[in-house]
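Per UniProt numbering, numbering through the sequence shown is continuous, rising by one, with the last residue being 242. Glycine included, C-beta positions come from ideal geometry on N, C-alpha and C. The structure appears below as structure tokens.
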Amino acid sequence: MNIHNPSYPCPVVNCEKAFHRKDKVIPHLLRFHDLDDSTHCPIADCQYRLPLPLDLLQIHAGIHWTSHNVVLVALCEWRFRKFACSITSCKKLCDLKQFTRHLKGHRAAERKASGDAMRALGRDPVTTDLMCPFCSAQFLESQLDVLRFHLQETHLSIANTEAHELYGCCVCPQLTNRRWNSWWDRHKERQNGCSKCKCPPSRLLVDISTVLPYRQQILRLDYNFQYYYYPVFNDIKTTPRT
1 MNIHNPSYPC
11 PVVNCEKAFH
21 RKDKVIPHLL
31 RFHDLDDSTH
41 CPIADCQYRL
51 PLPLDLLQIH
61 AGIHWTSHNV
71 VLVALCEWRF
81 RKFACSITSC
91 KKLCDLKQFT
101 RHLKGHRAAE
111 RKASGDAMRA
121 LGRDPVTTDL
131 MCPFCSAQFL
141 ESQLDVLRFH
151 LQETHLSIAN
161 TEAHELYGCC
171 VCPQLTNRRW
181 NSWWDRHKER
191 QNGCSKCKCP
201 PSRLLVDIST
211 VLPYRQQILR
221 LDYNFQYYYY
231 PVFNDIKTTP
241 RT
């Protein structure tokens, strides 16, 4: 091992830290950087050249899984398993399952003083409950499924009755009470729309531009959201040039 020539540089803009072991990269990112810190994709031929916040680089890294870039592979393996405590004076690394318990261990005054950082992670500073980034509705940690349904039905798709009135879609009435990722997964490939009424499935979603400002908070609340095929991450899942 050549410790004098570390080969795994930190991807954060203007950070000159580099490592000779990939298992040192993620702890460094969590302890010394915020999820909002600006990064660049380290793959030279990647067509996405805009700066990305650290947590969105983790999503983007998935398209480079076969690149053997150690930093990006480490980001893919991270999968939000650990968080740095959002209390400014703490920053302890916590497993996701222990995160709420750890936050509750801090005094209410500490949590309130770091309120912006806690809200950025989707946590209410007073109760530490999960918090909807759109409307601030609160949910217990055990109610993550309820929060998912709330996001899908209230903020990410138009009401089935509204869709039926607007487009007369023969599919929409069949979707009542179905989870968003269930009906979107079934109908997203219908580029030409429903076989009967030609209503494209994208019409069943709210304007994507209204969701973009909240995608990081959604991701921090529910890492698996990126797998639901909702198009809010499409711009950073571009295919690298060959």
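My output table needs one value for residue i: the three-state DSSP class, helix, strand or coil.
i	result
A113	helix
Y230	coil
Q138	strand
T154	helix
D95	strand
A44	coil
L205	strand
L121	coil
K104	helix
D222	coil
V71	helix
V146	helix
When burial is assigned at 16 or more other CB atoms within 10 Å of the CB, is residue i buried or exposed?
i	result
Q47	exposed
D235	exposed
L204	buried
L41	Looking at the sequence itself, residue 41 is Cys, so the reference to Leu does not match. By the 10 Å Cβ count, C41 comes out buried.
S114	buried
L151	buried
Can you give me the Cβ contacts of residue i inside the same chain, cut-off strictly under 7 angstroms, excluding the 5 residues immediately before and after it?
i	result
M1	The predicted model places M1 with a pLDDT of 48, which falls under 50 and marks its position as unreliable; any figure quoted below should be read in that light. Cβ within range, chain order: H20.
D23	none
K17	C10, H28
L30	K82, A84, L93
F139	D129, L130, V146, L147
A108	V126
G122	L130, M131, P133, Q217, R220, L221
L156	W180, L205, V206, V211, Y230
P51	V13, S38, T39, H40
Tell me which residues share the same chain as residue i and place their Cβ nearer than 8 angstroms to its Cβ, disregarding the 5 neighbours each side in the sequence.
i	result
P53	L35, D36, D37, S38, T39, Q216
H102	C85, K92, C94
I43	H64, S67, N69, L72, P240
K237	I59, H60, G62, I63
E141	T100, D129, L130
R49	H40, C41
Checking the sheet assignment: what are the DSSP bridge partners for residue i?
i	result
L130	R123, F139
Y8	F19
A84	L93
So, for residue i: in the same chain, excluding its five sequence neighbours on each side, which residues have a beta-carbon less than 6 angstroms away from its beta-carbon?
i	result
F99	F83
I26	A74, W78
E110	I87
F233	I59, Q226
Only counting runs of 4 or more residues, tell me where the alpha helix (DSSP H) segments fall wholly within the stretch 10-67, in order along the chain.
-> 25-32, 54-60
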